[in-house]
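Before any comments, here is the structure.
Residue numbers (the numbering used here): 1017 to 1280.
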């Protein structure tokens, strides 16, 4: 009687392949998790460093909220090249002397070594009508009754006394940027409901009062901001007054942001 053939055992190669596949899958998961953890740690570290520099630059409390966006893409890969593509920052309620404004800042080409300069920095400071009202002592040389924002101008009104008369006057004041300061110059004047020129008002019976009301006033912004960024312009809408700044070859760490500016 012929013995039944003995069947060969299942190949161990297949089992070994399955084992390697499982091990490879686990390793891949660990690598991906490690990259995510490393990316998160890198972003947390960079955010903390930038926050600390901004707190110093704008003389804020250590726990003052800052919204810092390091952009998309892998920060680790950018860091490997030595430069982060871009950093966007938003800080509300930043004290600027007599003012309080909301500041946004955008930097491009930011080195990992924060003592090295970024390619460009652009910033804006936005003031609402209440903030602008804090500038009343710089808008006119006399006491103002009201301050409102208009289309490209700041509208102010006052009541002046001439002889035995009380006369309502108002002016549309145009703000401009010059040598780190805001310059407020009357663009048009209305006296008792009638529009008059500045020259007419200064030559009339209200000349003594008008000279204080209409004289150009200045407010030095640069003294409250880093010297490395320059006041470029100012715009006014019915909602807000916006100051624009820029800087080139400015380092986000060190003296570039910690040293305050001066007005020319």
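Glycine is no exception: its CB is placed at the ideal position from the N, C-alpha and C atoms.
- Counting along the chain, residue 1186 sits inside the beta strand (DSSP E) bounded by residues 1181–1194.
- About 6 angstroms separates the beta carbons of residue 1169 and residue 1203, which is inside the 8 angstroms limit, making them a contact pair.
- Around the beta carbon of residue 1156, a 10 Å sphere encloses 16 or more other beta carbons of the protein chains shown; the residue is thus reported as buried.
- Boundaries of the beta strand (DSSP E) harbouring residue 1233: 1233–1236, taken from the DSSP string.
- C-alpha of residue 1277 to C-alpha of residue 1246: approximately 9 angstroms in a straight line.
- Your pair residue 1233 and residue 1200 checks out as a contact, with CB atoms roughly 5 angstroms apart and the cut at 8 angstroms.
- For residue 1115, the enclosing beta strand (DSSP E) starts and ends at 1115–1127.
- By the Cβ rule, the segment 1086–1099 counts as touching the segment 1059–1072, because three or more pairs are nearer than 8 angstroms.
- Per the DSSP secondary-structure output, residue 1137 pairs in a beta bridge with 1123, 1263.
- Three or more beta-carbon pairs separated by less than 8 angstroms are not found between the segment 1122–1129 and the segment 1146–1153, which leaves the two stretches without contact.
- Contact fails between the segment 1247–1256 and the segment 1173–1187, because fewer than three Cβ pairs, one in each stretch, are under 8 angstroms apart.
- The beta carbon of residue 1106 lies closer than 7 angstroms to those of 1083, 1120 in the same chain, with the five residues before and after it left out.
- Beta-bridge annotation (DSSP): residue 1106 is paired with 1083, 1120.
- With 16 or more other Cβ atoms from the protein chains shown falling within 10 Å of its own Cβ, residue 1205 counts as buried.
- Sixteen is the threshold: since fewer than 16 other Cβ atoms of the shown chains lie within 10 Å of the Cβ of residue 1090, the residue is exposed.
- Rounded to the nearest angstrom, the gap between the Cα atoms of residue 1274 and residue 1073 is 5 angstroms.
- Per DSSP, the beta bridge partners of residue 1174 are 1185.
- With a cutoff of 8 angstroms on beta-carbon distance, residue 1165 and residue 1190 are scored as not near each other.
- Residue 1104 and residue 1210 have their C-alpha atoms spaced approximately 48 angstroms apart.
- Counting along the chain, residue 1247 sits inside no alpha helix (DSSP H); it lies in the beta strand (DSSP E) bounded by residues 1246–1252.
- Around the beta carbon of residue 1216, a 10 Å sphere encloses fewer than 16 other beta carbons of the protein chains shown; the residue is thus reported as exposed.
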